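Participant: Residues -9 to 464 (our numbering) are what the sequence shown spells out, left to right. A virtual CB, placed ideally from N, CA and C, is assigned to each residue, including glycine. Only a predicted model underlies this, so the values are computations on that prediction, with no experimental measurement involved. Let me give you the structure first, and then I'll get to my questions.
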Amino acid sequence: MDHHPIERLENMQKNRGLPGSLYDALASLKLTLFLFFALAGASLVGTLLPQGLAPEELKARYSPSIASWVDTLGLSDLYRAHWFQALLVLLCVNLIACTIQRLPKTLKILKQREDSFDSHKLLKFNLNHSFTAQLDRDDARPRISNVINKEFAPLRWVDQPNAFCAVSEKGRWSRLMVYGVHLSVLMILVGALIGSLYGFKGFMTIPEGTSSNEVTLFSDDRMAILPFEVRCDKFDVTFYDTGAPREFRSDLVIVDQGQEVLKSSIRVNDPLTYRGITFYQSSYGSMLREAEVEFKDRESGKVHTLVLPFRQTRDIPDSRDTVQITQFSKNFHQFGPALGIVVFREDHSPTGSMILADKPEFHGNKVMNYQVKVLGIKQVPYTGLQVKQDPGVWVVYLGFTLMILAVVVTFYASHRKIWVCAEEQRAGGVSSRIVLAGRTNKNASTFEEDFNRLCERLENELTIHTARGKPDDQ
-9 MDHHPIERLE NMQKNRGLPG SLYDALASLK LTLFLFFALA GASLVGTLLP QGLAPEELKA
51 RYSPSIASWV DTLGLSDLYR AHWFQALLVL LCVNLIACTI QRLPKTLKIL KQREDSFDSH
111 KLLKFNLNHS FTAQLDRDDA RPRISNVINK EFAPLRWVDQ PNAFCAVSEK GRWSRLMVYG
171 VHLSVLMILV GALIGSLYGF KGFMTIPEGT SSNEVTLFSD DRMAILPFEV RCDKFDVTFY
231 DTGAPREFRS DLVIVDQGQE VLKSSIRVND PLTYRGITFY QSSYGSMLRE AEVEFKDRES
291 GKVHTLVLPF RQTRDIPDSR DTVQITQFSK NFHQFGPALG IVVFREDHSP TGSMILADKP
351 EFHGNKVMNY QVKVLGIKQV PYTGLQVKQD PGVWVVYLGF TLMILAVVVT FYASHRKIWV
411 CAEEQRAGGV SSRIVLAGRT NKNASTFEED FNRLCERLEN ELTIHTARGK PDDQ
């Protein structure tokens, strides 16, 4: 014979053995507390330790042994560390197991309907009240119904021999709100996992008047390529009289598939968001635009002067060589500005060197067979943007909203139930005994006050009607 779905679920939970023991462990409240404290402690570490540090920054900030531990445990990018993600997944599994374990009992309570009860059963409740009314049960029934329907909730009558019995309840659904809290926590955890797995944080540097779609990720210095380009039309910075920066602003243009789709000026704490990717004004500075460089072939004595845009390759005349500026340092080892210049030659490995701009006669200013001299440097201001994409953030926001609502309802709403029974004290008589009982799953003191007030109101109502009916009864 097929059992009710709730009974089948309860029977599955009773199966023991290794699967049953594993299920009990996953549904344990102790595991829930452990995971919450572990995640809280990890989050505290992630708050105290700077996140997104490059390996060089780790070595500069910490001793070799500590830097090794930080790197091994992923503490510099904690929220993307596999062990942190594993804790989130385990907490999700724990909440689901707890819900599956406790939900059948809750559903059983919600589906429960009293088929029969009497005054003797009601008098065993901790919260009960009884009195006698000089009315037969047929006259008492509508008056009881009117008072309880108005003061509490509609009655559901359960007819018994020689008695009228009824049940009234409010807030039955409030028992499910704890599972709303479970769902909200799951949504927050899932949103955090989505952001951890599919989001990114990085940095992009855009010289004024240029565009870029490359983001250097904080986690591992890899490049993320955006599906659109960001152009900086203008960068402006203002200063206080002390020389400290007061405000820096970037006029940005989003270029998507060759079309200018969005223009916005961003400042600190006033970011730009497009297609779920947010750009924050983070820093500023100046960077190399181009340099005028002289190349003298030490073998032939020929001299060539080239204007080299930063990181763009140019041919050296009268040769099969090409050259590129790959690096720029404003103060190379305290020797002033320097250019990293690389010469490419067929059938030869690329060869490069740092060329000191302020020391043209320095003996090290040479690459391959060329003596190199920097004639001029042109710099351009750039804007530094912190770039963040978190596709799970809206799931987190929805989870927090649901959590607030569910917690409020869980604490302030309760499942309150009142039973009432009207029995004739003797066959064919005009005297009825009225017994009421009440129960709630929380806020017992408030419910007791409401219950006593309802009993008083009902007793007064029946007494008034009893007095009005005396002349006819006599």
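According to DSSP, is Leu68 helix, strand or coil?
Facilitator: Note: Leu68 maps to helix in three-state DSSP.
Participant: For my contact list, Leu68 and Gly36 are in at a C-beta cut-off of 8 angstroms; report their separation, rounded to the angstrom.
Facilitator: Rounded, the Cβ-Cβ distance is 4 angstroms, consistent with contact.
Participant: Find the nearest neighbour of Thr400 within the set Asn450, Ile424, Asn431, judged by alpha-carbon distance.
Facilitator: When each option's Cα is compared against that of Thr400, the closest is Asn431.
Participant: According to DSSP, is Val313 part of a helix, a strand, or is it coil?
Facilitator: Here Val313 sits in strand by DSSP.
Participant: Does the Cβ of Gln102 have 16 or more other Cβ atoms within 10 Å, making it buried, or fewer, making it exposed?
Facilitator: By the 10 Å Cβ count, Gln102 comes out exposed.
Participant: Quick one: complete alpha helix (DSSP H) runs, 4+ long, within the stretch 138 to 214?
Facilitator: Counting only runs of 4 or more, we get 167 to 188.
Participant: Are there 16 or more other CB atoms within 10 angstroms of the CB of Ala17, so buried, or fewer, so exposed?
Facilitator: Counting Cβ neighbours within 10 Å, Ala17 comes out buried, since at least 16 surround it.
Participant: To the nearest angstrom, report how far apart Gln75 and Leu242 are at their CA atoms.
Facilitator: Gln75 and Leu242: Cα-Cα distance of roughly 35 angstroms.
Participant: Per DSSP, what are the beta-bridge partners of Trp409 in this structure?
Facilitator: DSSP lists Val157, Ala427 as partners of Trp409.
Participant: Would you list, in sequence order, the uninterrupted beta strand (DSSP E) runs of no fewer than 3 residues that lie entirely inside the stretch 202 to 273?
Facilitator: Fully enclosed beta strand (DSSP E) runs of 3 or longer: 213 to 229, 235 to 246, 249 to 256, 262 to 264.
Participant: Ala87: buried (16+ other C-beta within 10 angstroms of its C-beta) or exposed?
Facilitator: Answer is buried; the Cβ neighbour count reaches 16.
Participant: With burial defined as no fewer than 16 other Cβ atoms inside 10 Å of the residue's Cβ, what is the status of Arg146: buried or exposed?
Facilitator: Exposed, since its Cβ has fewer than 16 Cβ neighbours within 10 Å.
Participant: Taking the straight line between their C-alpha atoms, what separation do you get for Ser106 and Gln150?
Facilitator: Going by the C-alpha atoms only, they are around 7 angstroms apart.
Participant: Quick check on Leu229: buried or exposed, where buried means 16 or more other Cβ atoms within 10 Å of its Cβ?
Facilitator: It is worth fixing the name first, because residue 229 is Phe in this sequence and not Leu. Exposed is the call here.
Participant: Output yes or no for whether 8 angstroms exceeds the beta carbon distance between Thr316 and Arg304.
Facilitator: It is not a contact, given that the beta carbons lie outside the stated cut-off.
Participant: Taking the continuous alpha helix (DSSP H) assigned at His110, which residues delimit it?
Facilitator: Its alpha helix (DSSP H) spans residues 109 to 112.
Participant: Given Asp108, which residues of its chain have a CB within under 8 angstroms of its CB, disregarding the five upstream and five downstream residues?
Facilitator: Same-chain partners within the cutoff: Gln150, Ala153, Cys155, Cys411, Glu413.
Participant: Jot down the residue ranges of each uninterrupted alpha helix (DSSP H) in the stretch 380 to 409, minimum 4 residues, whole runs only, in chain order.
Facilitator: Runs found: 383 to 402.
Participant: Within its chain, find whatever has a CB closer than 6 angstroms to the CB of Gly354; leave out the 5 residues flanking it on each side and keep chain order.
Facilitator: Taken in chain order, the list of residues that qualify is empty.
Participant: Assess, as a yes-or-no matter, whether the stretch 124 to 137 is touched by the stretch 419 to 428 under the definition of 3 or more beta carbon pairs within less than 8 angstroms.
Facilitator: Yes, since at least three Cβ pairs between the stretch 419 to 428 and the stretch 124 to 137 fall closer than 8 angstroms, the two stretches touch.
Participant: If you compare alpha carbons, which of Arg165, Leu262, Glu198, Leu81 is closest to Lys98?
Facilitator: The candidate whose alpha carbon is nearest that of Lys98 is Arg165.
Participant: On the premise that Val362 lies in contact with Gly342, defined as a C-beta separation below 8 angstroms, what is that separation, rounded to the nearest angstrom?
Facilitator: Between Val362 and Gly342 the Cβ distance is about 11 angstroms, and since that is not below 8 angstroms, they are no contact.
Participant: I'd like to know if the stretch 249 to 256 and the stretch 274 to 282 are in contact, where contact means that at least 3 CB-CB pairs between them fall below 8 angstroms.
Facilitator: The stretch 249 to 256, when compared against the stretch 274 to 282, does not touch it at the 8 angstroms Cβ threshold.
Participant: Measure the beta-carbon distance from Pro307 to His323 and round it to whole angstroms, keeping in mind my assumption that it falls under 8 angstroms.
Facilitator: Not a contact, Cβ separation roughly 32 angstroms.
Participant: Out of Asn359, Pro261, Arg279, point me to the one whose CA is closest to Lys292's CA.
Facilitator: Answer by Cα proximity: Asn359.
Participant: Can you name, in chain order, every residue of its own chain whose Cβ lies under 8 angstroms from the Cβ of Leu444, other than the five neighbours on each side?
Facilitator: Taken in chain order, the residues that qualify are Val137, Ile138, Glu141, Phe142, Ile408, Leu426.
Participant: Any idea if Ser186 is buried or exposed, counting beta-carbon neighbours within 10 angstroms, 16 or more meaning buried?
Facilitator: Buried, by the Cβ-count rule.
Participant: So for Gly326, helix, strand or coil by DSSP?
Facilitator: Reduced to three states, the DSSP call for Gly326 is coil.
Participant: Can you tell me whether Val297 is buried or exposed, with buried defined as 16 or more other CB within 10 angstroms of its CB?
Facilitator: That one is exposed.
Participant: So if DSSP puts Pro299 in a beta bridge, which residue, or which two residues, is it bridged to?
Facilitator: According to DSSP, Pro299 bridges with Glu280.
Participant: Would you kindly check if the distance between the Cβ of Ser202 and the Cβ of Thr373 is under 8 angstroms?
Facilitator: For Thr373 and Ser202, no; Cβs fall outside 8 angstroms.
Participant: Just to confirm, is the Cβ distance from Gly189 to Gln379 under 8 angstroms?
Facilitator: Yes, the Cβ-Cβ distance between Gly189 and Gln379 is below 8 angstroms.
Participant: Mapping the DSSP letters down to three states, classify Gln464 as helix, strand or coil.
Facilitator: For Gln464, the pLDDT reaches just 33, beneath the cut-off of 50, and the residue's location in the model is therefore unreliable, although a value from the coordinates is still provided. Here Gln464 sits in coil by DSSP.
Participant: Let me check understanding here. Comparing Cα to Cα, which of Leu388, Pro235, Leu78 lies closest to Phe26?
Facilitator: Residue Leu78 is the option with its Cα nearest to Phe26.
Participant: Is Val220 closer than 8 angstroms to Phe269 when the C-beta atoms are compared?
Facilitator: Their beta carbons are under 8 angstroms apart, which means Phe269 touches Val220 by this criterion.
Participant: Just reading off the beta strand (DSSP E) that Pro340 is part of, what are its end residues?
Facilitator: Where Pro340 is concerned, the enclosing beta strand (DSSP E) stretches over 338 to 346.
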